[in-house]
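**Q** Below is one structure. I have some questions about it.
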Amino acid sequence: DAKTTQPNSMESNEEEPVHLPCNHSTISGTDYIHWYRQLPSQGPEYVIHGLTSNVNNRMASLAIAEDRKSSTLILHRATLRDAAVYYCILRDAREYGNKLVFGAGTILRVKS
Amino acid sequence: AAGVIQSPRHLIKEKRETATLKCYPIPRHDTVYWYQQGPGQDPQFLISFYEKMQSDKGSIPDRFSAQQFSDYHSELNMSSLELGDSALYFCASSLDPTGGKVFGPGTRLTVT
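If you read the protein sequences in the order shown, they are chains H and D.
So the first sequence is numbered by the working numbering: it starts at 1 and just counts up by one.
So the second sequence is numbered by the working numbering: it starts at 1 and just counts up by one.
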C-alpha cells in the first residue's frame, strides 16, 4: 500500500474552515484517496473518497492536486463534533479484498 | 438507517479463555472486514470476507479464526487469549468495493 503522510495534529476554531493536508507522493494511477475519521470511543467513519477530480459531499470536500501527489480534506465549518482523528488512506482499485490500511492520522482539535 | 451491529459491546475474559465476537453487516452488504485497535494505536486490519469466502488476510494471529455465514454475518473466534489481545475490535461492511466502508461501534475486549 502506498504511504501517506499527515500532520500529527491540527487545531481549529469552531465555525471556521479546516484544511487537512495529506501527502502521497508515491501514489499510483489506480489508487483511490479515502478519508475516514474516528471520534473518541467510536468506530472509524467514512468521510469522502476520490480518484482524480475534486469531490464534495454533505460532510466535506476533497481537493486533489493535479499531479495527485497530495490532497486536502476541507471541512467548511468546523464544529466541536468534528474533533477526531482523520485518516488519509490510499486504496489500490486493482487490489483484491479492498481492505483499508490505517496509518498515523491527524488529530484535529476544535476550540470553541 | 441500519448500521453495522456488533455484539457483545463489552467482553471480559481471562487469559487462555476463548471469545467469540459477532458482526451483523448492513443489509445487502456482502463484504465484512475485521480490525483490531489496541490502546492508543491505529486500527489494524485482521481479515475480510466476500460472499462467505475469505478475501484478504492481515495481521491476524493463528489463535484467531473467522468466518462469514450464509446470512452474511461474521464471527471472530479467539482462543488462548493473551493480555495483549485486549483491544477494541471493529467490524466493517461494504457493498461497493471501491466505495466507503461502514464501521460498527466495536467490541471492547478486556483480557485479565
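Built from N, CA and C at the ideal position, the CB exists for glycine as well.
Since the model is a prediction, treat every value here as computed from it, not as a measurement.
Buried or exposed: which applies to I12(D), given that a residue is buried once 16 or more other Cβ atoms fall within 10 Å of its Cβ?
**A** Reading the second sequence from its first residue, position 12 is the one you call residue 12(D). Under this definition I12(D) is an exposed residue.
**Q** Would you report the Cα separation of S70(H) and V47(H), rounded to the nearest angstrom?
**A** In the first sequence, the residue the question calls residue 70(H) occupies position 70. In the first sequence, the residue the question calls residue 47(H) occupies position 47. Rounded to whole angstroms, S70(H) to V47(H) spans 17 Å at the Cα level.
**Q** Residues in its own chain within less than 7 Å of I60(D) by CB, not counting five upstream and five downstream?
**A** Numbered from its first residue, the second sequence carries residue 60(D) at position 60. Taken in chain order, the residues that qualify are L46, I47.
**Q** Tell me, please, whether the segment 71 to 84 of chain D touches the segment 18 to 38 of chain D by the rule of three or more beta-carbon pairs shorter than 8 Å.
**A** Enough Cβ pairs lie closer than 8 Å, so yes.
**Q** So what does DSSP say about L108(H), is it helix, strand or coil?
**A** Looking up residue 108(H) in the first sequence gives position 108. Three-state DSSP puts L108(H) in a strand.
**Q** Using a Cβ-Cβ cut-off of less than 9 Å, list which residues of the segment 89 to 106 of chain H approach chain D; keep chain order.
**A** R91, A93, E95, Y96, G97, N98, K99, L100, V101, F102, G103, A104, G105
**Q** Let me see if you follow: with CB-CB separation under 8 Å, is G50(H) close to chain D or not?
**A** Stepping through the first sequence from its first residue, residue 50(H) is reached at position 50. So no, G50(H) is outside the interface.
**Q** In this structure, does DSSP put R81(H) in helix, strand or coil?
**A** Here residue 81(H) corresponds to residue number 81 of the first sequence, with the count starting at 1. R81(H) falls in the helix class under three-state DSSP.
**Q** Please check if any C-beta of chain D sits within less than 8 Å of the C-beta of Q136(H).
**A** This structure cannot settle anything about residue 136(H), because the visible part of chain H is limited to 1 through 112.
**Q** Take Y35(D) as the anchor and find which of R28(D), D56(D), L81(D), I26(D) has the nearest alpha-carbon.
**A** Residue numbering aside, residue 35(D) sits at position 35 when the second sequence is read from its first letter. Ranking R28(D), D56(D), L81(D), I26(D) by Cα distance to Y35(D) puts D56(D) first.
**Q** Evaluate contact between the segment 74 to 84 of chain H and the segment 38 to 55 of chain H, counting only Cβ atoms and requiring at least three cross-stretch pairs below 8 Å.
**A** yes
**Q** May I have the straight-line CA-CA distance separating R68(H) from P21(H), to the nearest angstrom?
**A** Here residue 68(H) refers to the residue found at position 68 of the first sequence. Here residue 21(H) refers to the residue found at position 21 of the first sequence. The alpha-carbon atoms of R68(H) and P21(H) are separated by roughly 12 Å.
**Q** In the DSSP assignment, the beta strand (DSSP E) including D56(D) goes from what residue to what residue?
**A** Residue 56(D) sits at position 56 when you count from the first residue of the second sequence. Its beta strand (DSSP E) spans residues 53 to 57.
**Q** Strictly below 8 Å CB to CB, what residues from chain H border V102(D)?
**A** For the purposes of this step, residue 102(D) is identified with residue 102 of the second sequence, where counting begins at 1. Simply Y46.
**Q** Tell me which residues share the same chain as K111(H) and place their Cβ nearer than 6 Å to its Cβ, disregarding the 5 neighbours each side in the sequence.
**A** Here the question's residue 111(H) lines up with position 111 in the first sequence. Same-chain partners within the cutoff: N13.
**Q** Considering K15(D), what are the terminal residues of the beta strand (DSSP E) in which it resides?
**A** Counted from its first residue, the second sequence places residue 15(D) at position 15. Careful: K15(D) lies outside any beta strand (DSSP E) and carries neither H nor E.
**Q** Can you list, in chain order, the residues of its chain whose CB lies under 6 Å from that of K52(D), leaving out five sequence neighbours each side?
**A** By 1-based counting over the second sequence, the position of residue 52(D) is 52. Cβ within range, chain order: Q68.
**Q** In chain H, which residues lie with their C-beta within 8 Å of the C-beta of T31(D)?
**A** Working through the second sequence from its first residue, we reach residue 31(D) at position 31. Within chain H, the residues near T31(D) are N98.
**Q** Checking the sheet assignment: what are the DSSP bridge partners for K22(D)?
**A** Against the second sequence, residue 22(D) aligns to sequence position 22. BP columns for K22(D) point to S7(D), E75(D).
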